[in-house]
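Here the sequence shown is numbered in UniProt numbering, starting from 1 and rising by one per residue.
Backbone N, C-alpha and C fix where the C-beta goes; we use that ideal spot for every residue, glycine too.
See structure below.
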Amino acid sequence: MKKIFLSIVILLHTVFTLLAQRKSNFVMQLAGFDQYEKAAVTIQRLDEDADVLKLETELTDGHVFSVIDGKGKIELANLPKHFILTVNMYKQGSRNEFIDNWYVSATDSVVVTNNHSIRNFDKITFSGFGAERYRLQYTLDGMLWNRVSYFRYPSSIDYFTGDFAQLTIFDRAVDMNIEAGRLVNKSDLDFPAKEWMLANMFYKIYYTFLLRPLTVSFIKNDSKRTEDIAGILHKFESSYGATIVEKGKLSSSNYIDFYLAYWSLKNTLFGQNNINYRIKLLEDYFQDQSLENMGYAALKRSFYGLDEESRKVFLDWLIAHSKSSIRLEKLKLREAVAVGKPFPDFELTDLNGKVWHKKDLLGKVVFFDFYYTGCSNCAIYFKNTVSKVEEHFSQNPNVLFISVSIDREKELWKKSIESKKYNSDHSIKLYTNGLRDHHPLIEYLNIKGYPFPILMGKTGLIETSDNVKLGRSGKKVETLIETIDQAVLR
1 MKKIFLSIVI LLHTVFTLLA QRKSNFVMQL AGFDQYEKAA VTIQRLDEDA
51 DVLKLETELT DGHVFSVIDG KGKIELANLP KHFILTVNMY KQGSRNEFID
101 NWYVSATDSV VVTNNHSIRN FDKITFSGFG AERYRLQYTL DGMLWNRVSY
151 FRYPSSIDYF TGDFAQLTIF DRAVDMNIEA GRLVNKSDLD FPAKEWMLAN
201 MFYKIYYTFL LRPLTVSFIK NDSKRTEDIA GILHKFESSY GATIVEKGKL
251 SSSNYIDFYL AYWSLKNTLF GQNNINYRIK LLEDYFQDQS LENMGYAALK
301 RSFYGLDEES RKVFLDWLIA HSKSSIRLEK LKLREAVAVG KPFPDFELTD
351 LNGKVWHKKD LLGKVVFFDF YYTGCSNCAI YFKNTVSKVE EHFSQNPNVL
401 FISVSIDREK ELWKKSIESK KYNSDHSIKL YTNGLRDHHP LIEYLNIKGY
451 PFPILMGKTG LIETSDNVKL GRSGKKVETL IETIDQAVLR
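Pasting the structure below:
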């Protein structure tokens with residue numbers, strides 16, 4: 001009898017152990033994601049700093065799961081009790097953000113169903129163990145992406161048409177933050193989950209609906225606009241005080257976006273926008289791993305907006321502070337696009353199917369303009385600057401203008417050419433064959449924003465990728481003409 005009893009005890013212990021192990025696995029079932037091929041997952045421990053490098057390497061160092069016929073299964077083991085989850089969906093190399101820094105549990109077992117709405121992810125349902133937490137965070141993010149509507153704010157706002165919309169912009173962000181607080185606090189979630197969600201939504205909301213619009217609206221040498229923006233920023237600071245930027249706290253990548261936008265705007269407004277001051281700010285607020293992570297995020301965000309001398313200063317400083325071998329490798333790639341470095345070889349296709357290489361262009365000064373259809377800034381840059389400079393050099397056989405589309409669909413690229421919004425009849429029009437950001441040339445140049453201009457000299461070396469020299473700011477047309485003239489003379 002004792003042996004039987006002991007055997008039953010051992011059996012029950014084994015069963016409960018297996019159940020506990022099974023329960024500790026995180027499971028997310030995907031259904032209805034027919035247009036996607038894979039899901040890339042990154043996780044962040046609650047005691048770990050956020051690091052944008054994780055997202056850069058998610059397809060190689062992260063967790064990647066296949067999606068077949070719209071179905072997929074994300075399963076993760078050996079996780080902390082709670083962690084931060086990010087999920088991006090991929091189709092033909094193009095990434096679509098799905099879950100952005102959500103607070104989840106290692107024991108969650110949820111089914112996520114995409115109900116095939118016209119817009120990405122705006123009709124998602126959640127079921128299963130832990131689903132309430134997902135529904136709440138989906139609703140919170142829905143405020144940012146207009147997936148859900150609340151009576152206090154319209155579905156969209158055109159911020160800066162007519163009079164400067166001071167009250168609209170600040171009050172909308174405040175209302176949205178209050179609504180987020182109401183939704184989180186009335187939920188049955190535990191305090192740590194609520195605390196995380198409230199802080200993260202604060203960063204998301206005020207970055208998206210305050211700091212970024214204010215930055216975009218800034219007009220150099222417009223004293224009235226500068227005064228208006230400074231007034232809104234002061235109102236924001238008066239409302240939240242020292243809690244706006246917490247020293248050394250890299251709680252999520254949303255905090256990183258918020259911090260960088262906040263200090264960039266302050267520096268722009270108050271004339272302390274030199275690289276040494278930026279580095280000093282980072283060193284004052286962060287240390288050790290946090291400093292390395294934030295420094296890398298700052299460089300990634302501002303690299304092509306810096307002049308060439310400032311880039312070198314920032315790169316040298318960050319290389320000296322970086323311990324991650326992957327990060328150091330990526331920083332070395334940044335050095336590869338410096339003035340005087342070889343422009344990378346490439347394969348790009350024109351309208352007739354001809355494949356162009358770097359060697360086909362040697363002996364000419366070549367202005368490259370990378371764009372995608374629907375990019376309003378790309379169209380403005382072409383209309384106001386590139387088209388005029390192209391006309392200036394129209395009789396100069398030593399200068400070529402090349403327009404490169406990163407559109408996914410070839411027909412869309414052709415329509416953009418017909419529209420004449422992004423290039424002229426005289427330019428060479430090339431295509432990345434639907435590879436978008438994963439084309440080797442885009443990856444090598446590390447292009448993260450558009451339009452992206454870069455100038456190649458006659459010997460195949462990089463002349464400049466400095467936005468000022470390439471007419472993205474200041475006296476745009478005159479400066480770009482001068483930059484190309486200097487390259488022709490060399």
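Query, Result
"Would you call the CB atoms of Leu-430 and Asp-485 closer than 7 Å?", "no"
"Can you check which of these residues, Val-355, Gly-471, Val-399, is closest to Asn-384 by C-alpha distance?", "Gly-471"
"Would Ala-180 pass as a contact of Leu-140 if the rule is Cβ separation under 7 Å?", "yes"
"Looking only at its own chain, which residues have a Cβ that is under 7 Å from the Cβ of Asn-423, when we skip the five neighbours before and after it?", "Phe-382, Ser-403, Ile-417, Lys-429"
"Alpha carbons only, please: which of Val-399, Val-64, Gln-35, Leu-435 is nearest the one belonging to Thr-483?", "Val-399"
"Quick one: Cα of Ile-232 to Cα of Tyr-203, how far?", "17 Å"
"Roughly how many whole angstroms lie between the Cα atoms of Phe-270 and Leu-281?", "14 Å"
"How would you label Gly-374, buried or exposed, when you count the other beta carbons within 10 angstroms and need 16 or more for buried?", "exposed"
"Determine, using beta-carbon pairs with one atom in the stretch 293 to 301 and one in the stretch 44 to 53, whether at least three such pairs fall under 8 Å.", "yes"
"Answer with buried or exposed for Arg-45, where buried requires no fewer than 16 other C-beta atoms within 10 angstroms of its C-beta.", "exposed"
"Which parts of the stretch 202 to 275 are runs of the alpha helix (DSSP H), unbroken and 4 residues or longer, counting only runs that do not cross its ends?", "212 to 217, 223 to 240, 253 to 269"
"Could you check the C-alpha separation between Phe-368 and Leu-412 for me, to the nearest Å?", "20 Å"
"Does Ile-406 come out as helix, strand or coil in the three-state DSSP assignment?", "coil"
"Is it right to say Lys-359 is buried, meaning 16 or more other beta carbons lie within 10 angstroms of its own, or is it exposed?", "exposed"
"Tell me which residues share the same chain as Lys-476 and place their Cβ nearer than 8 Å to its Cβ, disregarding the 5 neighbours each side in the sequence.", "Asn-384, Thr-385"
"Taking 8 Å as the cut-off, does the stretch 64 to 72 touch the stretch 102 to 109 (at least 3 CB pairs, one atom from each stretch)?", "no"
"According to DSSP, is Val-488 part of a helix, a strand, or is it coil?", "helix"
"If I follow the unbroken beta strand (DSSP E) through Phe-126, where does it start and stop?", "124 to 129"
"Going by the DSSP bridge assignment, what does His-63 pair with across the sheet?", "Val-41"
"Ser-127 to Ala-31, Cα distance in whole Å?", "12 Å"
"If contacts are defined as beta-carbon pairs under 8 Å, then Leu-260 and Ala-297 qualify, I think. What distance do you get, rounded to the angstrom?", "7 Å"
"Looking at C-beta atoms only, is the number of pairs between the stretch 442 to 449 and the stretch 182 to 199 that lie closer than 8 Å three or more?", "no"
"Could you give the DSSP three-state label for His-426: helix, strand or coil?", "coil"
"Flag Asn-88 as yes if its beta-carbon sits less than 7 Å from any beta-carbon of chain D, otherwise no.", "Annotation note: the requested chain D is absent from the structure, which comprises a single protein chain."
"By alpha-carbon positions, which one of Ile-275, Ala-336, Gly-340 ends up nearest to Trp-317?", "Ile-275"
"Who does Leu-348 pair with in a DSSP beta bridge?", "Trp-356"
"Please name the residue or residues paired with Leu-455 in a DSSP beta bridge.", "Phe-367, Thr-464"
"Out of Asn-185, Asn-177, Lys-224, Gly-340, point me to the one whose CA is closest to residue 491's CA.", "The first residue shown for the chain is 1 and the last is 490, placing residue 491 beyond what the model contains."
"Rounded to whole angstroms, what is the Cα-Cα separation between Asp-222 and Leu-59?", "44 Å"
"Using three-state DSSP, classify Gly-142 as helix, strand or coil.", "helix"
"Along the chain, where does the beta strand (DSSP E) containing Asp-100 start, and where does it finish?", "94 to 105"
"Excluding sequence positions up to five away, which residues of its chain have a Cβ less than 6 Å from the Cβ of Gln-29?", "Lys-73, Val-111"
"The beta strand (DSSP E) that contains Asn-114, what's its start and end?", "109 to 114"
"Closest to Leu-299 by C-alpha separation, out of Ile-256, Asp-284, Ile-219, would be which residue?", "Ile-256"
"Can you list, in chain order, the residues of its chain with a C-beta nearer than 8 Å to that of Thr-215? Leave out the 5 residues immediately preceding and following it.", "Ala-261, Ser-264, Leu-265, Thr-268"
"Leaving aside the five residues before and after Thr-208 along the sequence, list all residues of the same chain whose C-beta is less than 6 Å from its C-beta, in chain order.", "Leu-144"
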